[in-house]
Structures are given as C-alpha cells and as structure tokens.
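Heads up, the thing below is written out as structure tokens.
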Amino acid sequence: MSAFGEFLFTLRKENGMTQAELAERLGVTNKAVSKWETGEAMPESNLLLPIARIFGVTVDELLDGKRRENEETEQPPARTPFDEMKEHLFTRGDDEPKTFLGAVGGAVCAFVCLGGIAAYLILGLTLSLWTPYWVIIPVSALSCGIIGIVFDLCDREKRSAKRAKGESAAIGGACGILMLSCIIAYLLLGAILDLWHPYWIILVCGGLACGIIASCGTAIVKYRKRK
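Using my numbering, the first residue of the sequence shown is number 1339, and each one after it goes up by one.
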C-alpha cells in the first residue's frame, strides 16, 4: 500500500465512509477507489482537490500521505451563499468538466439569445413595436439561464463534479429554475399587461420558495451523510 493509499484509507475510515460512498461522491467506481487505496493506481489530477475537500485536508497533505502536524495548515475562508452564486453566474470553475452536453447547451443558449435580439429588432424596425417588446431581450437572456441549468442537470459528469464538491445539483437547479421563471413571469406581466403592481409579489414568493427548497434539501443531504 502506498503512502497516498494508506492515508486515503485512514481518512475514509475516520469519516465513517465506505468505498462506495466515496466513489459516488466523486463520480467514479468502487474499483477505482479500491485501486487508489491499495496503491495500484492514482486518481486523476482533477479529482485531487475534490478528495481533499471531502476529508478536510490539503492536496499537498494528500500527496504526502500525512498531515502536517508541525505546520499550521492554512484553511480556506468559509464560502458564503454569495460566493456560490457568484461562481455559478460569472465563472465556470477550473475543475468543472467540459462535456458534450455542455457544448450543446451553450449553442442552444446562444441561438435563443441571438434569436431574441433579432426578433426585437425586426418588430421594432418593421412595426415600430419597440415598446413593450423590449421585454424579449431580458426574457431571452433569462431563458438561457434556465436552459443551461436543465442541460447541467441532464449531464452526469457535471452532477458528479458537484457531488464531489459537496453540492447538490438538484437543489441548486430547482432554485435557479424557480427564481428565473418568477423573474420572467414578472417581466412579461409588467411589460405587456402593465401589471408591475401588485405582481412584484411573484419575486418575493419565488425567493421564499427557493429558501425553503434549499433548507429542506440541505437537511436531506446531511441526513443521508449521517446514515
């Protein structure tokens, strides 16, 4: 057994985790985890950071096969909900897999967004319907967000990557789709039917529903981990 494999075995046992549970969180097979622990193979480089995060160690400690007892281990700052939102909206993440479904989803989003702009320009230039059909552009952009979430939920590799980071693709996806749908509904009601008030309540209800879904989902995930 290699130093890495022995350390991984120790960490897994300390956390009361089976090989099957670790494999599921990383999106690999039980056999792969077994080979890592016996020293027959090493995990791919893109899996080292998720493994380190699961067990609360650094990648260097993982590769060294031991904790650095004589050095104060620098812990990353705690992540806030705002950090999660910023990462999902503005970055793709260095360890997020690039997949075929992801490429298709990006192409569909581009088509929808460009189609919305083209439709608005045609309506405006030919029929002078600049108002209220400006709403086509933000609705197209928000629809792209929903399309992207749906493609991510259908992508097994991306779901596995999120599980490896301790995230739930289903919970985040449900909240994202719900909130984006509420914003789209509010914009359509406001721009086309001039129902800005009192239908702003749609946004409030959507936010509250997302909070409830996130809280229930987190509780379920923690319960499953304890089992």
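Ideal Cβ positions, reconstructed from N, Cα and C, are used throughout, including at glycine.
Throw me the rounded Cβ distance for the residue i and residue j pair, which I believe falls under 8 Å.
i: I1455; j: L1480; result: Incorrect: roughly 14 Å between the Cβ atoms, too far for contact.
i: F1393; j: N1368; result: Not a contact, Cβ separation roughly 18 Å.
i: G1587; j: T1376; result: As displayed, the chain neither begins before 1339 nor continues past 1565, which places residue 1587 out of reach and without an answer.
i: L1567; j: C1492; result: Lying outside 1339 to 1565, the shown extent of the chain, residue 1567 is not represented and no answer is given.
i: L1400; j: I1389; result: 6 Å
i: G1444; j: S1478; result: Between S1478 and G1444 the Cβ distance is about 15 Å, and since that is not below 8 Å, they are no contact.
i: L1533; j: L1527; result: 4 Å
i: P1470; j: A1529; result: 4 Å
In chain order, what residues of the same chain have a beta carbon less than 8 Å from the beta carbon of residue i, not counting five sequence neighbours either side?
i: G1544; result: L1516, M1517, S1519, C1520, I1521
i: W1374; result: F1342, G1343, L1346, M1380, P1381
i: V1442; result: F1489
i: A1361; result: T1367, N1368, A1370, V1371
i: T1437; result: D1493, E1495, K1496
If we count the other Cβ atoms within 10 Å of its Cβ and call it buried at 16 or more, is residue i buried or exposed?
i: V1371; result: buried
i: R1350; result: buried
i: L1531; result: exposed
i: H1550; result: For the sequence presented, residue 1550 should be read as Ile rather than His. Flag for I1550 reads exposed.
i: L1364; result: buried
i: K1496; result: buried
i: C1554; result: exposed
Sorted by chain position, which residues of the same chain lie with C-beta nearer than 7 Å to residue i's C-beta, five sequence neighbours on each side aside?
i: A1552; result: I1509, C1513
i: A1523; result: I1540
i: C1451; result: S1478, A1479, C1482
i: P1476; result: L1525
i: C1447; result: C1482, I1485, G1486
Which same chain residues end up closer than 6 Å to residue i when comparing Cβ atoms and leaving out the 5 residues on each side of it in sequence?
i: I1484; result: I1515, L1518
i: A1457; result: I1474
i: W1468; result: G1462
i: I1487; result: G1511, G1514, I1515
i: E1378; result: none
i: S1587; result: Outside the shown range of the chain (1339 to 1565) lies residue 1587, about which nothing can therefore be said.
(request) Go through the region 1437-1514 residue by residue and report every complete run of the alpha helix (DSSP H) that reaches 4 residues or more, in order. (result) Uninterrupted alpha helix (DSSP H) stretches at least 4 residues long and entirely within the region 1437-1514 occur at 1438-1465, 1474-1492, 1494-1502, given in chain order.
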